[in-house]
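In our numbering, the protein residues as written are 47 to 180.
Here is the structure we will look at.
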């Protein structure tokens with residue numbers, strides 16, 4: 047659950063307490079966006095190149111999380127945290143969509159299965175607008 051808090055402060059001096067400030071900061075218990083860095087967003091915005099690199103990494107690693115993460119971080123220029131989100135999708139797709147993806151990992155059945163079973167976790171993990179995600 048994401049809870050938002052508004053922060054207000056007031057100072058105390060020898061003369062006493064001052065007035066409360068206006069709410070100037072919003073704090074949240076939401077986790078930081080794993081793919082929120084400038085480099086990550088730049089890599090994700092190069093959709094076709096990113097998707098090709100991710101697909102190559104997931105395939106050559108047989109969707110093993112650690113391998114897919116390291117390969118995707120290196121090949122696509124993602125941070126480790128962001129690459130981890132995508133490695134989790136590869137592992138999730140392998141676990142949940144093997145039958146749909148065995149013959150054609152780019153096919154409609156495979157992509158639909160991955161979107162249904164794995165995309166919500168990717169959106170949560172990555173923390174970026176869904177339009178940036180392949």
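Idealized CB from N, CA, C, for every residue including glycine.
### Query
Pick from 79, 60, 170, 54: whose alpha carbon is nearest that of residue 68?
Within the chain shown, residue 68 is the residue found at index 22, counting from 1. The residue among 79, 60, 170, 54 with its C-alpha nearest the C-alpha of residue 68 is 54.
ask   = Mapping DSSP to helix, strand and coil, what is residue 58?
value = Here residue 58 corresponds to residue number 12 of the chain shown, with the count starting at 1. Three-state result, residue 58: strand.
Fill in: Assigned exposure category for residue 118 - 16 Cβ within 10 Å defines buried
Within the chain shown, numbered from 1, the residue matching residue 118 stands at position 72. Buried: at least 16 other Cβ atoms inside 10 Å.
- Message: Looking at residue 103: is its Cβ nearer than 9 Å to the Cβ of residue 135?
- Response: Sequence index remark: in the chain shown, residue 103 carries index 57 (1-based). Sequence index remark: in the chain shown, residue 135 carries index 89 (1-based). Contact: no.
Check: At which residue ranges does the stretch 144-178 contain complete alpha helix (DSSP H) runs of 4 or more residues, listed in the order of the chain?
Finding: Fully enclosed alpha helix (DSSP H) runs of no fewer than 4 residues occupy 154-172 of the stretch 144-178, in order along the chain.
Quick check: is any heavy atom of the ligand NAP less than 8 Å from the C-beta of residue 179? Absent from the structure shown: the ligand NAP. Ligands present: none.
query: Of all the options 59, 82, 100, which has the alpha carbon lying nearest to the alpha carbon of residue 176?
result: Working through the chain shown from its first residue, we reach residue 176 at position 130. When only C-alpha atoms are compared, the closest one is 82.
| Of the residues 92, 139, 60, which one's Cα is nearest the Cα of residue 108? | Working through the chain shown from its first residue, we reach residue 108 at position 62. Relative to the Cα of residue 108, the nearest Cα in the group 92, 139, 60 belongs to 139.
Fill in: residue 166 and residue 100 closer than 9 Å at C-beta
The residue given as residue 166 occupies position 120 in the chain shown. The residue given as residue 100 occupies position 54 in the chain shown. It is not a contact, given that the beta carbons lie outside the stated cut-off.
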